[in-house]
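What follows is a single structure, written as structure tokens, with notes after it.
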Amino acid sequence: MRYAAAYVLATLAGNTSPDVATISKILGSVGVDCDNAKAQKVIDACKGKNIDEIIEEGTKKLSSLPTAGAAPAASEAAAPVADAAKGAAKAEPKKEEKKKEESDEEGDDMGFGLFD
């Protein structure tokens with residue numbers, strides 16, 4: 006995924022045909038080592054294609070994937086429970102959540118980076 010993201014960043018920056026060095030430079034700028042073979046594989050797969058068409062094609066593929074796993078079959082007994090849950094949710098007043106202050110400290114990356 007990191008190689009595809011770097012490729013897209015390069016094309017959005019105006020580079021119509023990014024090479025391994027460009028992808029390596031982008032990944033290196035965020036502290037990620039570049040595997041040249043993987044970068045070349047992404048370049049070969051995208052060569053001669055419009056990046057907007059690639060994104061559109063990928064979006065179509067992603068929309069066909071299930072996101073929450075297999076859903077159990079709905080039964081008649083489950084419908085009243087679902088209706089009762091909806092009614093209970095409407096009856097409860099909305100509580101205001103206190104906004105948690107975000108800190109800008111460097112140690113708050115939770116152990117992973119953008120391209121890990």
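Residue 39 in this note's numbering sits at position 34 of the sequence shown; the count goes up by one each step and never skips. Positions of the beta carbon are idealized from the N, C-alpha and C atoms, including for glycine.
Does the distance from the C-beta atom of residue i to that of residue j stay below 8 Å?
i	j	result
A50	I31	no
Could you compute how far the alpha carbon of residue i sits from the alpha carbon of residue j?
i	j	result
A26	V37	13 Å
A18	I48	16 Å
F120	I59	20 Å
N41	D57	24 Å
C39	L70	29 Å
G63	L14	16 Å
Sort the options by Cα distance to residue i and report the nearest one.
i	options	result
R7	P23, I28, N20, K65	I28
Secondary structure at residue i, three-state DSSP: helix, strand or coil?
i	result
D40	coil
T64	helix
Considering just the uninterrupted stretch of the alpha helix (DSSP H) at residue i, what are its terminal residues?
i	result
L70	Per DSSP, L70 belongs to no alpha helix (DSSP H) and is neither H nor E.
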